[in-house]
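**Student:**
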DNA sequence: ATGCGGACCTGTTAGC
DNA sequence: TGCTAACAGGTCCGCA
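In our numbering, the protein residues as written are 50 to 325.
Printed below as a string of structure tokens:
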């Protein structure tokens, strides 16, 4: 489900509803996510206030007086705001109930997501401390990619999907950004020129911003915290369009698998190998 | 240090 | 119609 634009959309939806709110109850229906939800969570959270909410890559951080709740939505997770007396959805695993009567509901069919607690600096948590820069921040630059790529042997697509290189670029937006920058996804990251990385950096930023503006991409079941679907799926130029014609040159789009992920590109427009 | 495949899960769809 | 296999928005872990 969620890449950076989807997480950002969820973040913007829940922030005004739960900031400074008091947690009146925490109900865990199923502890078994990617890692077990800490047993002590209801005890730790109840009575606390949400002091700040932050997104780091695809992680959401909910800070209270005593620590931080680290939430990752995995492949199929979602957060929904509902009245506290709502009926439970299928695959609804956690409810965080606030004194304003709203419940923040964690729903995740595949349970690849995670809900963890830390009382230390969350950015130094094992899962977050090695993350690369935020793609929409100033320190995400062409030079950063170019320098980092020198010691990388993988393809450009796997390179930009590596969260140690840059966070938030998942399969959909990796495909779209490489198409926009006219780079073949199979091309070695180390063979891409600084000039081409300048174009790619611009395209990644532009596509992520544009997707956020459109509320993210709803392929099957993604929706924001109020149940609203995204619309960026209508703007996709290559992802999911294998066999259809390139919007630029009418060549048939090709699909391959790269690192077990579906990869779609235009063999004509994205012909950049070593040259640029 | 880097890279690869497997693992974690359920649901939907394509193909026979 | 029904069964099976492949695939789906992520990413950690163990091993080479």
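Virtual Cβ for every residue (Gly too), placed ideally from N, Cα, C.
Suppose the cutoff is 8 Å on Cβ atoms and the five residues either side in sequence are ignored; what does the same chain contact list for residue 271 look like?
**Tutor:** Answer for residue 271: 50, 51, 55, 127, 265, 278, 279, listed in chain order.
**Student:** Please specify which runs of the beta strand (DSSP E), each continuous and at least 3 residues long, are wholly inside the segment 287-312, giving them in chain order.
**Tutor:** Complete beta strand (DSSP E) runs here, min 3: 303-307.
**Student:** Pick helix, strand or coil for residue 369, following the three-state DSSP scheme.
**Tutor:** Only positions 50 to 325 of the chain appear in the structure, and residue 369 is not among them; the question remains open.
**Student:** Hey, could you find the ends of the alpha helix (DSSP H) residue 255 is sitting in?
**Tutor:** Where residue 255 is concerned, the enclosing alpha helix (DSSP H) stretches over 243-262.
**Student:** Between the beta-carbon of residue 312 and the beta-carbon of residue 234, is there less than 7 Å?
**Tutor:** It is a contact, given that the beta carbons lie within the stated cut-off.
**Student:** DSSP on residue 206, reduced to helix/strand/coil?
**Tutor:** It is helical.
**Student:** Ends of the alpha helix (DSSP H) at residue 65?
**Tutor:** Segment 53-67, the alpha helix (DSSP H) holding residue 65.
**Student:** DSSP three-state label for residue 325, please.
**Tutor:** Note that residue 325 scores a pLDDT of 36, beneath 50, so its modelled location is shaky and nothing firm can be said.
**Student:** Which residue wins for smallest C-alpha separation from residue 123, given the options 194, 163, 289?
**Tutor:** Among 194, 163, 289, the Cα nearest to that of residue 123 is on 163.
**Student:** Output needed for residue 90: all residues of its chain with C-beta closer than 7 Å, excluding positions within five of it in sequence on either side, in chain order.
**Tutor:** Within the same chain, residue 90 has close Cβ partners 75, 77, 166.
**Student:** Output the distance between the C-alpha atoms of residue 120 and residue 276, rounded to the nearest integer angstrom.
**Tutor:** About 19 Å.
**Student:** What residues in its chain sit with their C-beta under 7 Å from that of residue 68, if we drop five residues either side in the sequence?
**Tutor:** Within the same chain, residue 68 has close Cβ partners 99, 102.
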